[in-house]
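Visitor: Before we start, here is the structure in question, set down as structure tokens.
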Amino acid sequence: MKYDYLIVGAGLFGSTFAYEAAKRGKKVKVIDKRNHIAGNIYTEKVEGINVHKYGAHIFHTNDKEIWEYVNQFAEFNRYTNSPIANYNGEVYNLPFNMNTFNKLWGVTTPEEAKAKIEEQKASVNIDQPKNLEEQAISLIGTDIYIKLIKGYTEKQWGRKATELPNFIIKRLPVRFTYDNNYFNDKYQGIPTGGYTQIVEKMLESELIDVELGKDFFESKEEYLASFPKIVYTGMIDQFFNYQFGTLEYRSLQFENSTLDQENYQGNAVVNYTDAETPYTRIIEHKHFEFGNQPKTVITKEYPRNWKKGDEPYYPMNDKRNNEMFKKYYDLAAENPNIIFGGRLGMYKYYDMHQVIGAALSVVKQEFK
Ligand code: FAD
Ligand code: UDP
Numbered sequence: 033m034k035y036d037y038l039i040v041g042a043g044l045f046g047s048t049f050a051y052e053a054a055k056r057g058k059k060v061k062v063i064d065k066r067n068h069i070a071g072n073i074y075t076e077k078v079e080g081i082n083v084h085k086y087g088a089h090i091f092h093t094n095d096k097e098i099w100e101y102v103n104q105f106a107e108f109n110r111y112t113n114s115p116i117a118n119y120n121g122e123v124y125n126l127p128f129n130m131n132t133f134n135k136l137w138g139v140t141t142p143e144e145a146k147a148k149i150e151e152q153k154a155s156v157n158i159d160q161p162k163n164l165e166e167q168a169i170s171l172i173g174t175d176i177y178i179k180l181i182k183g184y185t186e187k188q189w190g191r192k193a194t195e196l197p198n199f200i201i202k203r204l205p206v207r208f209t210y211d212n213n214y215f216n217d218k219y220q221g222i223p224t225g226g227y228t229q230i231v232e233k234m235l236e237s238e239l240i241d242v243e244l245g246k247d248f249f250e251s252k253e254e255y256l257a258s259f260p261k262i263v264y265t266g267m268i269d270q271f272f273n274y275q276f277g278t279l280e281y282r283s284l285q286f287e288n289s290t291l292d293q294e295n296y297q298g299n300a301v302v303n304y305t306d307a308e309t310p311y312t313r314i315i316e317h318k319h320f321e322f323g324n325q326p327k328t329v330i331t332k333e334y335p336r337n338w339k340k341g342d343e344p345y346y347p348m349n350d351k352r353n354n355e356m357f358k359k360y361y362d363l364a365a366e367n368p369n370i371i372f373g374g375r376l377g378m379y380k381y382y383d384m385h386q387v388i389g390a391a392l393s394v395v396k397q398e399f400k
């Protein structure tokens, strides 16, 4: 037997596992159906700018161990995510904070802002929020819901906000300070030189072989027969031939342009929160690394319905899909030689730090 593990997917989960396994002397084969490593954190240089090919990626965590772990593979800069929202030409700071409240209502103190939100909440009378719309209004009131949340959210998810789970909006902080930092976490930054180098370093061991452009399902039976253990980071429902039904995802289309100007929008991330603009955000990649190249690269991000064969960027973690996932998860537990992990294998809206954390717990379990 040549390899100890087959790893399906050279994204962050698969690569963290591969790195840790090789560190323990295990021989690993990694396959990915794409023609590059790093999964959705892949970055590529264009005009000297590191372009985040699958959407803006900002690393953030509260966990010192995970921060130190990822810092082994790259140096991180001091980038702090402070996106702005453009609602029909009106610009607001995100996340929802005193700068947003001041611009919207002219209030200057936290007390005035809280009073305004309370007044708006009282006018709709929500007791226990049952969906994203009710959750948003009870957190932040109707004005912000209408201008900054409803249009963006319904474009992003392709559903009415009344038909979406609450947890999605709880990702965003609401703050009564003049602080435009999108995250509350202690550690945050962008790897100087892009994300791909992190995965390159994770996979550089001589004990790791990488094969790109290789889809697991082309040779599933052969792989199952010839590898003692498999770490699988693709879609869990596909692995089981969709026997309990097809899990739903949301997809995206990225439209990149290189512009012959130095600075297009003055910020890395600008969200378009009205319902009519067909994209949700424009990313200007150079600002992640404070670049001063003569040109700039921007990406418009268009949300798309997902069907089999499209890229599954976001799991749709509503009740129906979570219940279906649970059936696949229980089935997966019956075969300990196949480890499911990552955003697609666990059908979870994981950020990068959570993916590393999850991979390290699997490693701990596997090599105890
Ligand atoms: P992936 O990166 O998806 O890797 C899975 C790999 O498996 C892929 O390369 C895929 O090609 C391969 N694969 C799948 N099926 C097969 C198959 N059958 N055969 C062979 N290979 C297969 N996180 C943050 O922390 N901060 C952010 O700012 C942030 N922004 C994001 C923005 C967008 C638009 C998106 C979509 C995600 C964002 N994330 C962010 C989340 C982050 O991308 C994920 O947490 C992380 O990349 C997941 O790693 P993974 O290994 O689980 O999955
Ligand atoms: N959201 C919003 N307006 C914004 C930004 C975000 O309503 O300007 C909502 C939207 O529903 C989105 C969710 O908050 O899906 C989470 O936003 P986040 O920026 O964390 O999304 P991601 O970067 O994962 O796409």
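For the sequence shown, position 242 matches number 274 in the numbering used here, and the numbering has no gaps at all. Note that beta-carbon positions come from the ideal geometry of N, C-alpha and C, so glycine has one too.
Following a CB-centred definition, is residue 185 positioned closer than 7 Å to any heavy atom of the ligand UDP?
Guide: Locating residue 185 in the sequence shown gives position 153, where the first residue counts as 1. Indeed, a heavy atom of the ligand UDP lies less than 7 Å from the Cβ.
Visitor: Give the secondary structure of residue 152 by DSSP, where H, G and I count as helix, E and B as strand, and everything else as coil.
Guide: In the sequence shown, the residue the question calls residue 152 occupies position 120. It is helical.
Visitor: By Cβ distance below 7 Å, which residues in the same chain neighbour residue 137 in space, the five residues on each side in sequence not counted?
Guide: Reading the sequence shown from its first residue, position 105 is the one you call residue 137. Same-chain partners within the cutoff: 148.
Visitor: Between residue 190 and the ligand FAD, is the CB less than 7 Å from at least one heavy atom?
Guide: In the sequence shown, the residue the question calls residue 190 occupies position 158. No, the beta carbon of residue 190 sits no closer than 7 Å to any heavy atom of the ligand FAD.
Visitor: Decide if the stretch 297–306 is in contact with the stretch 370–386; the criterion is three or more beta carbon pairs, one per stretch, under 8 Å apart.
Guide: No: fewer than three Cβ pairs fall under 8 Å.
Visitor: Can you give me the C-alpha to C-alpha distance between residue 279 and residue 357, rounded to a whole angstrom?
Guide: Taking the sequence shown and counting its residues from 1, the one referred to as residue 279 is at position 247. Taking the sequence shown and counting its residues from 1, the one referred to as residue 357 is at position 325. Spanning the two alpha carbons is a distance of roughly 7 Å.
Visitor: Let me know the secondary structure DSSP gives residue 164 once reduced to three states.
Guide: Residue numbering aside, residue 164 sits at position 132 when the sequence shown is read from its first letter. If DSSP states are grouped into helix, strand and coil, residue 164 belongs with the helices.
Visitor: Three-state secondary structure (DSSP) at residue 240?
Guide: Reading the sequence shown from its first residue, position 208 is the one you call residue 240. If DSSP states are grouped into helix, strand and coil, residue 240 belongs with the strands.
Visitor: Residue 321 and residue 109 - do their beta-carbons sit closer together than 8 Å?
Guide: In the sequence shown, residue 109 corresponds to position 77, counting from 1. In the sequence shown, residue 321 corresponds to position 289, counting from 1. Cβ distance < 8 Å, so residue 109 and residue 321 count as in contact.
Visitor: Excluding the five sequence neighbours on either side, which residues of its own chain have a C-beta within less than 6 Å of the C-beta of residue 237, listed in chain order?
Guide: As a working note, residue 237 is residue 205 in the sequence shown. Excluding positions up to five away in sequence, the list reads 54.
Visitor: Go to residue 103, then tell me how far its alpha helix (DSSP H) extends in each direction, as first and last residue.
Guide: Looking up residue 103 in the sequence shown gives position 71. Here the alpha helix (DSSP H) through residue 103 covers 96–103.
Visitor: Give me whichever residues DSSP pairs with residue 334 in a beta bridge.
Guide: The sequence position of residue 334 within the sequence shown is 302, counting from 1. Residue 334 pairs with 285.
Visitor: Rounded to the nearest angstrom, what separates residue 198 and residue 174 at their Cα positions?
Guide: Numbered from its first residue, the sequence shown carries residue 198 at position 166. Numbered from its first residue, the sequence shown carries residue 174 at position 142. In a straight line, the C-alpha of residue 198 is about 16 Å away from that of residue 174.
Visitor: What are the uninterrupted segments assigned as beta strand (DSSP E) that are 3 or more residues long and contained completely in the stretch 348–376, given in chain order?
Guide: Here the runs fully enclosed are 370–372.
Visitor: Between 220, 88, 180 and 41, which has its C-alpha nearest residue 377's C-alpha?
Guide: As a position in the sequence shown, residue 377 is number 345, starting the count at 1. It is 41 whose Cα lies nearest to the Cα of residue 377.
Visitor: For a quick check, are the C-beta atoms of residue 62 and residue 50 less than 8 Å apart?
Guide: Here residue 62 refers to the residue found at position 30 when the sequence shown is read from its first residue. Here residue 50 refers to the residue found at position 18 when the sequence shown is read from its first residue. Going by C-beta atoms, residue 62 is nearer than 8 Å to residue 50.
Visitor: Could you pull the start and end residues of the beta strand (DSSP E) that residue 83 belongs to?
Guide: For this step, residue 83 is matched to residue 51 along the sequence shown. Looking at the DSSP string, the run of the beta strand (DSSP E) that includes residue 83 is 81–84.
Visitor: Relative to the alpha-carbon of residue 308, which residue among 124, 186 and 346 has its alpha-carbon at the smallest distance?
Guide: As a working note, residue 308 is residue 276 in the sequence shown. Comparing Cα positions, the closest option is 186.
Visitor: Check the C-beta distance from residue 36 over to residue 261 and give it rounded, since I have them as a contact under 8 Å.
Guide: Position 4 of the sequence shown holds residue 36. Position 229 of the sequence shown holds residue 261. So it is a contact: roughly 7 Å between Cβ atoms.
Visitor: Mapping DSSP to helix, strand and coil, what is residue 312?
Guide: Within the sequence shown, residue 312 is the residue found at index 280, counting from 1. DSSP places residue 312 in coil when its eight states are reduced to three.
Visitor: Need the endpoints of the alpha helix (DSSP H) that residue 134 sits in, please.
Guide: Position 102 of the sequence shown holds residue 134. Note, residue 134: alpha helix (DSSP H), 130–137.
Visitor: Going by alpha carbons, who is nearest to residue 154 out of 166, 162 and 143?
Guide: Mapped onto the sequence shown, residue 154 falls at position 122. Considering only alpha carbons, the answer is 166.
Visitor: Among the residues of its own chain, which have a CB less than 7 Å from the CB of residue 214, if the five just before and after it don't count?
Guide: The residue you call residue 214 lines up with position 182 of the sequence shown. Result list for residue 214: 113, 114, 115, 126 and 127, in chain order.
Visitor: Where does the unbroken beta strand (DSSP E) through residue 404 begin, and where does it stop?
Guide: This structure cannot settle anything about residue 404, because the visible part of the chain is limited to 33 through 400.
Visitor: Among 44, 118, 79 and 124, whose alpha-carbon lies nearest the alpha-carbon of residue 91?
Guide: The residue labelled residue 91 in the question sits at position 59 within the sequence shown. Comparing Cα positions, the closest option is 44.
Visitor: For the ligand UDP, I want to know if residue 375 counts as a neighbour, meaning its beta carbon is within less than 7 Å of at least one of the ligand's heavy atoms.
Guide: By one-based count along the sequence shown, residue 375 stands at place 343. No - the ligand UDP has no heavy atom lying nearer than 7 Å to the Cβ of residue 375.
Visitor: Rounded to the nearest angstrom, what separates residue 389 and residue 217 at their Cα positions?
Guide: Within the sequence shown, numbered from 1, the residue matching residue 389 stands at position 357. Within the sequence shown, numbered from 1, the residue matching residue 217 stands at position 185. Spanning the two alpha carbons is a distance of roughly 15 Å.
Visitor: Roughly how many whole angstroms lie between the Cα atoms of residue 192 and residue 34?
Guide: Position 160 of the sequence shown, counting from 1, holds the residue named residue 192. Position 2 of the sequence shown, counting from 1, holds the residue named residue 34. Near 51 Å, if we compare the C-alpha coordinates of residue 34 and residue 192.
Visitor: Which residues mark the beginning and the end of the alpha helix (DSSP H) in which residue 228 is found?
Guide: Sequence index remark: in the sequence shown, residue 228 carries index 196 (1-based). Counting along the chain, the alpha helix (DSSP H) containing residue 228 begins and ends at 228–234.
Visitor: At the level of alpha carbons, what is the spacing between residue 164 and residue 190?
Guide: Here the question's residue 164 lines up with position 132 in the sequence shown. Here the question's residue 190 lines up with position 158 in the sequence shown. Distance between the alpha carbons of residue 164 and residue 190: 13 Å.
Visitor: Just to confirm before moving on: does the CB-CB distance between residue 83 and residue 288 stay below 8 Å?
Guide: Residue mapping note: residue 83 aligns to position 51 of the sequence shown, counting from 1. Residue mapping note: residue 288 aligns to position 256 of the sequence shown, counting from 1. Against a cut-off of 8 Å, the Cβ pair of residue 288 and residue 83 comes out as a contact.
Visitor: Figure out for me which residue from 118, 85 and 93 has the closest Cα to the Cα of residue 299.
Guide: Sequence index remark: in the sequence shown, residue 299 carries index 267 (1-based). The candidate whose alpha carbon is nearest that of residue 299 is 118.
Visitor: Within the same chain, show all residues whose beta-carbon is closer than 6 Å to that of residue 120, passing over the 5 residues directly before and after it, in chain order.
Guide: In the sequence shown, residue 120 corresponds to position 88, counting from 1. Taken in chain order, the residues that qualify are 306.
Visitor: Within its chain, find whatever has a CB closer than 8 Å to the CB of residue 58; leave out the 5 residues flanking it on each side and keep chain order.
Guide: Mapped onto the sequence shown, residue 58 falls at position 26. Only 36, 37 and 239 meet the Cβ criterion.
Visitor: With a threshold of 7 Å (Cβ to nearest heavy atom), would residue 305 be considered close to the ligand UDP?
Guide: Taking the first residue of the sequence shown as 1, we reach residue 305 at position 273. Yes - the ligand UDP has a heavy atom lying nearer than 7 Å to the Cβ of residue 305.
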